[in-house]
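Presented below is the structure to which this report refers.
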Amino acid sequence: FSCPKCSYFHPEEEHVQQHIDKAHSAEAEDDKSSIQALTDEDGRFGCPDCDKSFKFQSLLKAHQRIHTGEQPFLCSQCGRRFLYRGGLLSHMKIHSQEMPFMCSFCGKSFKRERNMKKHERCHTRENVFSCSQCDKSFVYKATLIRHELTHSGERPYLCSDCGKGFFSHAELLKHERFHTGHKPFQCPHCGKKFTQSCYLTIHLRYHTGVRPYSCSECDKSFLSANRLKRHQRTHSGEKPYLCVECGKGFRQSYHLKMHQRTHAIKLT
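In this text, residue positions in the sequence shown follow UniProt numbering: the first is 1, and each later residue adds one.
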């Protein structure tokens with residue numbers, strides 16, 4: 001059980017409440033004067049949105065953020081928000097470079113060992129979460145949930161600047177940086193800044209010389225999985241980007257866009 005107001009945690013609920021009473025006594029008094037009607041016959045505080053109940057009001061209030069979507073703890077470095085202060089403090093380690101666990105395949109670092117192991121499935125292709133509506137499977141459960149939205153067509157996260165919809169809140173935050181120009185991820189070697197951490201990770205490989213993605217057909221290696229995928233099309237002959245005007249295929253979307261301009265010129 002975690003304290004909803006700071007990073008303290010304890011396996012027993014009573015110890016968490018004792019901590020709240022001592023460290024956050026003023027806020028605890030405010031809790032006692034609210035939501036009294038939510039107590040059940042056992043004196044526990046029941047959530048009106050689901051069947052969970054809690055021994056203490058402060059823990060119920062923290063739980064209710066899951067339903068309301070409230071994320072009061074803001075990271076000043078990148079703008080990401082969190083339900084709990086403990087989550088924010090753990091996240092801040094990313095910016096302070098306290099990331100001791102390194103992927104043995106590509107060198108990417110993580111603050112927790114379990115996150116590193118999840119990431120390594122990308123290299124070993126251990127897809128354990130399967131979609132019930134198609135034959136696709138995914139490394140992460142969160143990725144499966146986002147994928148399932150593609151079947152329903154639902155894009156619940158809307159950009160307030162342009163109205164574009166996204167499958168996840170994280171994707172929306174990344175998109176919003178293109179409007180604001182905010183680049184929170186900075187290279188420690190040359191100072192170059194990026195809108196997304198994945199772009200910084202790829203950029204860092206220019207400095208380290210690490211090229212973790214190798215072609216099985218030849219001896220070439222690449223900085224990113226996307227670049228390897230584009231290269232592999234030179235071996236397979238695959239041209240997935242088709243012109244709707246003439247049917248000509250291209251290996252890269254950029255080449256298709258360049259080709260489509262020739263049709264536009266002919267029309268004028």
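Note that CB positions come from ideal geometry on N, CA and C, so glycine has one too.
Note that the coordinates shown come from a computational prediction; the quantities given were computed from them, not determined experimentally.
Determine the DSSP secondary structure at residue 99, reduced to helix, strand or coil. Residue 99: coil per DSSP, three-state reduction.
Residue range of the alpha helix (DSSP H) that includes residue 141: 141-152
According to DSSP, simplified to helix, strand and coil, what is residue 261? helix
Considering only residues of the UniProt domain "C2H2-type" (157-184), which uninterrupted alpha helix (DSSP H) runs meet the minimum length of 4 residues and lie entirely inside it, listed in chain order? 169-180
Measuring only the C-alpha atoms, how far is residue 182 from residue 176? Across the structure, residue 182 and residue 176 are spaced so that their CA atoms are roughly 9 Å apart.
Pull up the distance between the alpha-carbon of residue 187 and that of residue 202, whole angstroms please. 11 Å
Less than 8 Å separating the Cβ of residue 184 from some heavy atom of the ligand PLP? Among the ligands in the structure shown, none appear at all, so the ligand PLP cannot be discussed.
Which of helix, strand or coil DSSP assigns to residue 29: For residue 29, the predicted structure reports a pLDDT of 48, less than 50, and the residue's modelled location is therefore unreliable. The matter cannot be settled from this model.
Taking contact to mean at least 3 C-beta pairs separated by less than 8 Å, is the segment 254-261 in contact with the segment 220-235? no
Between 224, 207, 229, which lies nearest to residue 217 when the distance is taken from Cα to Cα? 229
Within 10 angstroms of its Cβ, does residue 76 collect 16 or more other Cβ (buried), or is it exposed? With fewer than 16 other Cβ atoms within 10 Å, it is exposed.
Could you tell me the boundaries of the alpha helix (DSSP H) in which residue 123 lies? 113-124
Buried/exposed call for residue 106, threshold 16 Cβ in 10 Å: Looking at its Cβ environment, which holds 16 or more other Cβ atoms inside 10 Å, residue 106 is buried.
Return the CA-CA distance between residue 263 and residue 220, expressed in angstroms with no decimal places. Between the alpha carbons of residue 263 and residue 220 lies a distance of about 35 Å.
Cβ-based neighbour list, residue 32, same chain, cut-off 8 Å, excluding 5 preceding and 5 following: With a pLDDT of only 45 at residue 32, under the threshold of 50, the placement of this residue in the model should not be trusted; the figure read from the coordinates follows. If we look at residue 32 and ignore the five residues flanking it on each side, its Cβ neighbours are 57.
According to DSSP, residues forming a beta bridge with residue 193: 186
Can you have a look at residue 84 and say buried or exposed, based on whether 16 or more other CB atoms are within 10 angstroms of its CB? Label assigned to residue 84: buried.
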